[in-house]
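Okay, so the sequence shown: first residue is 1 according to the working numbering, each after it adds one. First up is the structure itself, then whatever we jot down about it.
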Amino acid sequence: MATFNDERKPGWAALRRGRGRFVVLSGVLLAQACTADAVTLGFGASDVEQIEVYLYEFAAEPAEVSRSVITDRVEIAEQVQMLTDAPVTDADDAGELVAGASSAGLRFLLRDGSTSEITRVFAGPKEVVLIWPDGRAAMTEWGSDLAFYGTPSDPDANELVDPDQRPRAVLR
1 MATFNDERKP GWAALRRGRG RFVVLSGVLL AQACTADAVT LGFGASDVEQ IEVYLYEFAA
61 EPAEVSRSVI TDRVEIAEQV QMLTDAPVTD ADDAGELVAG ASSAGLRFLL RDGSTSEITR
121 VFAGPKEVVL IWPDGRAAMT EWGSDLAFYG TPSDPDANEL VDPDQRPRAV LR
């Protein structure tokens, strides 16, 4: 992971590569922990009330975004598991790889009222880019194209929404 150190913003913790786990906090809870080679959410499936899924072709300003909501406990557990101890590598040069690729912005609505966001961009088999709202990115082999497989249990539940509603995912 790239070095991240912005202690000027209240609520942000410093992140340094290879120094164990970190927690990043912002106006909404963004609780992903990471080591130099793995990423993990800071919560379990039982902590998640529901997951809002925003599907679109990756772009700084996507033309069309559809939203669905996962409330099925099995599906919630699957999504959390995909981001639990996921092996990652640096994705500093992911810009060309993700352009136009199938994306799923995930907003976890937690039982304590907080939220956590991450965007998963499916560039191809074993080429998945994880992007946090602050622009950090990591590559993993874990994950599938949610737009292809459908979500939630009822894919017809997807509705078009304003693209500004999706979790922020802009590479730095």
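Here a beta-carbon is modelled for each residue, glycine too, at the ideal position from N, C-alpha and C. Please read these numbers as outputs of a predicted model, since none were measured by experiment.
Closest Cα partner of Thr167 within the set Lys126, Glu141, Glu127, Leu109: Within the sequence shown, the letter at position 167 stands for residue 167. A quick correction: the sequence has Pro, not Thr, at residue 167. The shortest C-alpha separation from Pro167 is found at Leu109.
For Glu64, which of helix, strand or coil comes out of DSSP? Stepping through the sequence shown from its first residue, residue 64 is reached at position 64. It is coil, neither helix nor strand.
Alpha-carbon spacing of Glu117 relative to Ser102, whole angstroms: Within the sequence shown, numbered from 1, the residue matching residue 117 stands at position 117. Within the sequence shown, numbered from 1, the residue matching residue 102 stands at position 102. Going by the C-alpha atoms only, they are around 17 angstroms apart.
Leu97 (DSSP reduced to helix, strand or coil): Within the sequence shown, numbered from 1, the residue matching residue 97 stands at position 97. DSSP places Leu97 in helix when its eight states are reduced to three.
Within 10 Å of its beta-carbon, does Arg73 have 16 or more other beta-carbons around it, so buried, or fewer, so exposed? Taking the sequence shown and counting its residues from 1, the one referred to as residue 73 is at position 73. Classification of Arg73: exposed, given that the 10 Å Cβ count is below 16.
Residues near Val161 in its chain [Cβ-Cβ closer than 6 angstroms; skip 5 each side]: In the sequence shown, the residue the question calls residue 161 occupies position 161. The residues are Val65, Arg67.
Between the CA atoms of Tyr54 and Ile143 - distance to the nearest angstrom: Locating residue 143 in the sequence shown gives position 143, counting from the first residue. Locating residue 54 in the sequence shown gives position 54, counting from the first residue. In the sequence on display, residue 143 carries Gly and not Ile. Roughly 16 angstroms separates the two Cα atoms.
Quick one: Cα of Pro87 to Cα of Ala38, how far? Walking along the sequence shown from the start, residue 87 turns up at place 87. Walking along the sequence shown from the start, residue 38 turns up at place 38. Rounded to whole angstroms, Pro87 to Ala38 spans 4 angstroms at the Cα level.
Measuring alpha carbon to alpha carbon, tell me which residue in Leu41, Gly113, Ser114, Glu96 is nearest Val80. Residue mapping note: residue 80 aligns to position 80 of the sequence shown, counting from 1. The shortest C-alpha separation from Val80 is found at Leu41.
DSSP on Arg107, reduced to helix/strand/coil? Sequence index remark: in the sequence shown, residue 107 carries index 107 (1-based). Residue state, collapsed to three classes: strand.
Can you tell me where the beta strand (DSSP E) holding Glu49 begins and where it ends? As a first step, residue 49 is located in the sequence shown; it is residue number 49 there, counting from the start. Residues 48-57.
Here's a check: name, in chain order, each residue in its chain whose Cβ is nearer than 7 angstroms to the Cβ of Thr84, leaving out the five neighbours to either side. The residue you call residue 84 lines up with position 84 of the sequence shown. Excluding its 5 nearest sequence neighbours in each direction, Thr84 has C-beta neighbours in its own chain below 7 angstroms: Thr40, Leu41, listed in chain order.
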